[in-house]
Structure formats: structure tokens, C-alpha cells
């Protein structure tokens, strides 16, 4: 069994008193939370030069209804350009069902993922190249696919 | 302008044998498409009982296709098998087990994309925050 830990720290002065969030989790399997996730699709980088939607995680590589974790980061720096990220077979746009959100340059996300539908992204711009980093921490990879 | 900074570090010495994993990233949360920091937020905690489906954030008060950030942590300690489902509208995205946290963008995509959580096993305790570009509180009843 592997041990993979993820720590988040959020600090903010939005309110009149300091906001500080700090949490660490150990990524664990659904069937037995005492066992750590021990598979991954690997850390990947993809270049985008158009606004055409692309599937970055094919759900049929992963076991359905599990406790996968998905990390994505927009490796760019532009706060004008972004990626739509969607839980959808093939589309990613402002109102795709279901669009998770937008990742601007430098933004990152970590979310639980059940592995039942593809994760699709689309760049907001074709005039500037954007790069996306992503990695699935898998609670089961389908041997014939992964 | 407020400054909200979110950092992550992911590490594992044995997930990929021979290749220790160390990921770190940091981002300052900005309003939609500009370099002004977010100035609105809300946070709270709740208990989510088994089979109870709760609307954590309605999308009505949000600006469609805006920039928002959601943090949810399942702080349950009683039993590691307890979990909630994280949902957008009626679609399950993933499971958040006891001790797990998530941090995701949210764009209030189409006026019908509320954020929901559903308890599946046990009584789950959660903490949550939303960092917002804009938000309109419901009007008072007359």
C-alpha cells in the first residue's frame, strides 16, 4: 500500500479577522479507507492551441463508483485566459452539464471523482497557447485500459 | 483589495516506486478574469445525515459563469467509512470520505448548477467555504 498525502493551506484577509484553513488528508480507497490509493495515471502535461474540448480523463480507464482524486493545474500565468473543466463525456463550456468551473492561469484544483464520466476541458483562447497539468490518484485502474 | 492565497502540496514516497512525488502549487484567487482579489466569502459547518441531500450553495445568488471557489472538508472522525457525495445539480461528481477535503472552482454555469452534498453512511460533519466574485443576498420578505 502507498501513502499519498495532500495538504491545503488557504489564508485570506477578506474578513476583518484572518482566515486560515489548513488540512492534510491521506488518499484512501473506498472499499477500505485504511488502505491508501496505490495507482495513478501519472502526472501529465498537455498543450492547448485551440478552444476545442478535449477529454483529459477517460472514465473507462478507471473503476466506477470509487474514491479517485483528480488534481489539475493551469500551468500558465494569464488571469484572462482559462480552462473550462467539466464532468462530461466530450464537452466543456460555460453551461455544459456539468461544468465544474474555470481554472485561470496558476489556478489549481483537487476534487473527489467517482470515475463514472469523462473529465473534459476546453481552453478559452486559440490565440495563446495554454498548458494544463493533471494527475489522477486512482482507486482502481481497469487493466485492459489504463 | 483582499488577498486570498491557496496552496497545495501532494507528496508520496511510494506511490510511484523509485520516483518520489512532490507537487506544490500556489494561487491567489482573483475575481472573474481580472487581477483583483476576491472580496466576498462565506463559511460554515453542518451535519449531513445518511440519505439527506442538502443544497450547500444555491447558484441563484451567483453571477452566471463567474469565478468562485469551494472548499469542503469532511471532518468526521467517528468512522472512516462515512462519506458524502459532492454533486452539481443532480449529478454526482465524487465521494468525500471522512478526513477528505476538496478545493474546486465553481462557475455557477447555467442558473441550474447548485452545489449539493448527500450523506451516504453515518452522520457526516463537514466544514465549507466559498470564495466569491459577486453574490446577491436574497431579498427580505415584505
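Protein chains in written order, with our numbering: chain A, 1 to 146; chain B, 1001 to 1142. Yeah, the Cβ is synthetic: ideal placement off N, Cα and C, and Gly gets one too. Computed from a predicted model, the values in this text were never measured in an experiment.
Contact note: residue 1126 (chain B) does not reach chain A at a C-beta cutoff of 7 Å; the least C-beta distance is about 12 Å. For residue 109 (chain A), the enclosing beta strand (DSSP E) begins and ends at 108-113. DSSP, read as helix, strand or coil, puts residue 1089 (chain B) in coil.
In the DSSP assignment, residue 1117 (chain B) falls within the beta strand (DSSP E) that extends over 1115-1121.
Counting only Cβ-Cβ distances below 8 Å, residue 1130 (chain B) has no contacts in chain A at all, with the closest Cβ about 11 Å away.
By the neighbour-count criterion, in which 16 or more other beta carbons inside 10 Å mark a residue as buried, residue 1096 (chain B) falls on the buried side. Annotated three-state conformation of residue 61 (chain A) is helix, per DSSP. Take residue 1029 (chain B), set aside five residues on each side of it, and the residues of its chain with a beta-carbon closer than 7 Å to its own are 1004, 1006, 1037, 1038, 1069, 1131, in chain order. Classified as exposed, residue 35 (chain A) has fewer than 16 neighbouring CB atoms from the shown chains inside 10 Å of its CB.
Per DSSP, the beta bridge partners of residue 87 (chain A) are A:119. Taking 8 Å as the CB threshold, residue 1008 (chain B) lines the interface with chain A. Neighbourhood of residue 134 (chain A) in chain B, by CB distance below 9 Å: empty, with the nearest CB roughly 11 Å away. Taking 8 Å as the upper bound on Cβ-Cβ separation, chain B lies near residues 94, 95, 96, 97, 98, 99, 100, 101, 102, 103, 104, 106, 107, 108, 109, 110, 111, 112, 113, 114, 116 of the stretch 93-116 of chain A. With respect to chain B, the C-beta atom of residue 40 (chain A) has a partner C-beta closer than 8 Å.
When Cβ-Cβ separations below 8 Å define contact, residue 1039 (chain B) makes contact with chain A. If one requires a minimum length of 3 residues, the beta strand (DSSP E) runs lying completely within the stretch 1035-1067 of chain B are 1040-1048, 1053-1057, in chain order. In this chain, the beta strand (DSSP E) harbouring residue 10 (chain A) covers 4-12.
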